[in-house]
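Peer 1: The structure's right below; bear with me while I get my questions together.
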Amino acid sequence: MDETTCMVDIAKFFLKFTVEESCGKCAPCRIGTRRMLEILEKITSGNGTPEDIERLERLAVAIKEGSLCALGQTAPNPVLSTLKHFRKEYDEHVIDHKCSCGVCKSLLTYTILPDLCRKCGICAKRCPVGCISGTLGKEAYVIDTSKCIKCGACEQACKFKAVVKR
Ligand code: SF4
Ligand code: SF4
Ligand code: SF4
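Residue numbers for the sequence shown follow the numbering used here, so the first one is 1348 and each next one is one higher.
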């Protein structure tokens, strides 16, 4: 893990594992971890709110206290520790609706920097939904963000680093 690792995404990754492994015997683990995962999915898809973070914290504590075995008792740890040490990343997701690590796809926007664009048109040819337009050799290319499916093909295709994701 480094600065390009999204901590909210990491918490979601570990929680998915727990949800799959829960045997279902006790409600806090069986239902609670699933609810936590749903909240994390809501946050990483750009629909989270500050109240979701509070709900996540409350659920995490309740699951730790109410679960029968170590699986449920430790399941919320990735959420609690990332909340403790990387709270800013959670806030960024629910307040600014951004993932500065560029991991949470729904929160990304692909843009072409006109000053760097060499008007070669390669990105437009690679775009699977045809949402990049411009005039070869004359006009900098632009992305219609309302149609962009965030596949990243344009960023990979551009040799001039004119396509950026934010
Ligand atoms: S805490 Fe343990 S017993 Fe309870 S549902 Fe989870 S795995 Fe099963
Ligand atoms: S590939 Fe890069 S330089 Fe070429 S048109 Fe697209 S953004 Fe501009
Ligand atoms: S990210 Fe994909 S869909 Fe969006 S503009 Fe680039 S190539 Fe097209």
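For each residue, glycine too, the CB sits at the ideal point set by N, CA and C.
If you're wondering where the values come from, they're calculated on a predicted model, not measured in any experiment.
My output table needs one value for Ser1480: the three-state DSSP class, helix, strand or coil.
Peer 2: Counted from its first residue, the sequence shown places residue 1480 at position 133. Strand, per DSSP.
Peer 1: State whether the stretch 1443-1454 contacts the stretch 1377-1388, with contact taken as three or more CB pairs (one from each stretch) at a distance under 8 Å.
Peer 2: As far as the Cβ criterion goes, the stretch 1443-1454 does not touch the stretch 1377-1388, which means the pair count is below three.
Peer 1: With DSSP run on the structure shown, which of helix, strand or coil describes Val1366?
Peer 2: On the sequence shown, position 19 is the one that residue 1366 refers to. It is helical.
Peer 1: Count the other CB atoms within 10 Å of the CB of Lys1506; is the residue buried (16 or more) or exposed (fewer)?
Peer 2: One-based indexing of the sequence shown puts residue 1506 at position 159. Exposed, since its Cβ has fewer than 16 Cβ neighbours within 10 Å.
Peer 1: Measuring only the C-alpha atoms, how far is Lys1541 from Tyr1488?
Peer 2: No statement about residue 1541 is possible, as the shown extent of the chain runs from 1348 to 1513 and does not include it.
Peer 1: Tell me where the alpha helix (DSSP H) around Ile1378 begins and ends.
Peer 2: As a position in the sequence shown, residue 1378 is number 31, starting the count at 1. No alpha helix (DSSP H) contains Ile1378, which DSSP labels as neither H nor E.
Peer 1: Looking at ligand 2, does it come within less than 7 Å of Cys1470, judged from the CB to the closest heavy atom?
Peer 2: Stepping through the sequence shown from its first residue, residue 1470 is reached at position 123. Indeed, a heavy atom of ligand 2 lies less than 7 Å from the Cβ.
Peer 1: In this structure, does DSSP put Lys1435 in helix, strand or coil?
Peer 2: Here residue 1435 refers to the residue found at position 88 when the sequence shown is read from its first residue. It is helical.
Peer 1: Can you tell me the Cα-Cα spacing of Gly1395 and Leu1415, whole angstroms?
Peer 2: As a working note, residue 1395 is residue 48 in the sequence shown. As a working note, residue 1415 is residue 68 in the sequence shown. Gly1395 and Leu1415: Cα-Cα distance of roughly 30 Å.
Peer 1: Excluding sequence positions up to five away, which residues of its chain have a Cβ less than 8 Å from the Cβ of Ser1480?
Peer 2: Position 133 of the sequence shown, counted from the start, is the residue given in the question as residue 1480. Excluding sequence neighbours, Ser1480 sits near Ala1471, Tyr1488, Val1489, Asp1491.
Peer 1: To the nearest angstrom, report how far apart Glu1350 and Phe1433 are at their CA atoms.
Peer 2: The residue given as residue 1350 occupies position 3 in the sequence shown. The residue given as residue 1433 occupies position 86 in the sequence shown. The alpha-carbon atoms of Glu1350 and Phe1433 are separated by roughly 11 Å.
Peer 1: Can you find the residues in the same chain that come closer than 7 Å, C-beta to C-beta, to Val1514, ignoring five residues on each side of it along the sequence?
Peer 2: Residue 1514 lies beyond the residue range present for the chain, which begins at 1348 and ends at 1513; the question has no answer from this structure.
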